[in-house]
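See the structure below:
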């Protein structure tokens, strides 16, 4: 197995572990917990679930969008840096994303949202392993290797899993691989000097948040 294939396997394994935790939460929640507020303003637990449940479906669709062109961004970090720059797409699309999460929460049942993680996601991961580290169209906004697309999925799944567990009043219980890979991707967004000086209390300007 090449180094590129090994990294893809590590990313897919981490994504599978994260989605398994999401599926377990979905099976465990009662009606009252689905309506609990989260720390994301205007989002309850079901809206949070609906937002993240789009990821397994989107990842599955991405597998049918293999491209012969080179990636537009060399890494998950590079795309996240681009999207989250001041005035970037992340900030511009935030209201639409929030509305979409709330609308999807109204449209889908808890069972359907849970199915995204319990069934759709695992099937997509199996198909991704068969494809290998190809270049894919990333939701119409970029081209990434499948490895780096999975990296963004790891960040999304990890960050929002923390949102979910905090909303449920539980101590964070996130797969270590997801935490490690998310931390690695996020820490590389700023320049190394900016990150080191902020992390050691030597920076004078704000660095965080790195993504929204």
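In the numbering used here, the protein residues as written are 1196 to 1407.
The beta carbon of each residue, even a glycine, is placed where N, CA and C say it ideally should be.
Legend entry - Spatially closest choice to residue 1217 from 1263, 1331, 1354, by CA coordinates: Minimum Cα distance to residue 1217 is reached at 1354.
Inset, instruction - Inspect the CB distances between the stretch 1388 to 1397 and the stretch 1276 to 1285 and report whether three or more fall short of 8 Å. - result: Here the stretch 1388 to 1397 does not lie against the stretch 1276 to 1285, with fewer than 3 beta-carbon pairs under 8 Å apart.
Legend entry - Distance, residue 1293 Cα to residue 1230 Cα: Distance between the alpha carbons of residue 1230 and residue 1293 is about 16 Å.
Inset, instruction - Whole angstroms is fine: what's the gap from residue 1357's alpha carbon to residue 1198's? - result: About 30 Å.
Inset, instruction - Give a yes or no on whether the C-beta atoms belonging to residue 1151 and residue 1338 are separated by under 8 Å. - result: Because residue 1151 is not part of the residues shown, which for the chain are 1196 to 1407, the question remains open.
Legend entry - Pick from 1232, 1367, 1341, 1402 that is closest to residue 1207, judged by C-alpha positions: That would be 1341, whose Cα lies nearest to the Cα of residue 1207.
Legend entry - Entirely enclosed alpha helix (DSSP H) segments - the stretch 1319 to 1366, minimum 4 residues: The qualifying runs are 1341 to 1362.
Legend entry - Span of the alpha helix (DSSP H) around residue 1205: From DSSP, the alpha helix (DSSP H) with residue 1205 extends over 1198 to 1223.
Inset, instruction - Please confirm whether residue 1350 and residue 1271 have their CB atoms less than 8 Å apart. - result: Taking the C-beta atoms as reference points, residue 1271 is found nearer than 8 Å to residue 1350.
Inset, instruction - Kindly indicate which three-state DSSP category residue 1277 falls into: helix, strand or coil? - result: Helix.
Inset, instruction - Using the Cα positions of residue 1334 and residue 1251, report the straight-line distance between them to the nearest angstrom. - result: In a straight line, the C-alpha of residue 1334 is about 13 Å away from that of residue 1251.
Legend entry - Neighbourhood of residue 1196 by C-beta, 8 Å cutoff - its chain only, sequence neighbours within 5 removed: Closer than 8 Å at the Cβ level, and outside the excluded window around residue 1196, lie 1204.
Inset, instruction - Work out the CA separation of residue 1262 and residue 1306 for me, nearest whole Å. - result: Going by C-alpha positions, residue 1306 is about 34 Å away from residue 1262.
Inset, instruction - Starting from the Cα of residue 1225, find the closest Cα among 1258, 1311, 1343, 1363 and give me that residue. - result: Nearest neighbour of residue 1225 by Cα position, chosen from 1258, 1311, 1343, 1363, turns out to be 1363.
Legend entry - When 1273, 1385, 1371, 1398 are compared against residue 1211, the one with the closest alpha-carbon: When C-alpha distances from residue 1211 are compared across 1273, 1385, 1371, 1398, the shortest belongs to 1371.
Inset, instruction - Can you tell me which of the three DSSP states residue 1262 falls into? - result: Note: residue 1262 maps to strand in three-state DSSP.
Inset, instruction - Following the continuous alpha helix (DSSP H) through residue 1228, name the residue where it begins and the one where it ends. - result: Taken as a continuous stretch (DSSP letters only), the alpha helix (DSSP H) holding residue 1228 covers 1226 to 1229.
Inset, instruction - Identify which residue in 1237, 1275, 1234 has its Cα closest to the Cα of residue 1380. - result: Out of 1237, 1275, 1234, 1275 has the C-alpha closest to the C-alpha of residue 1380.
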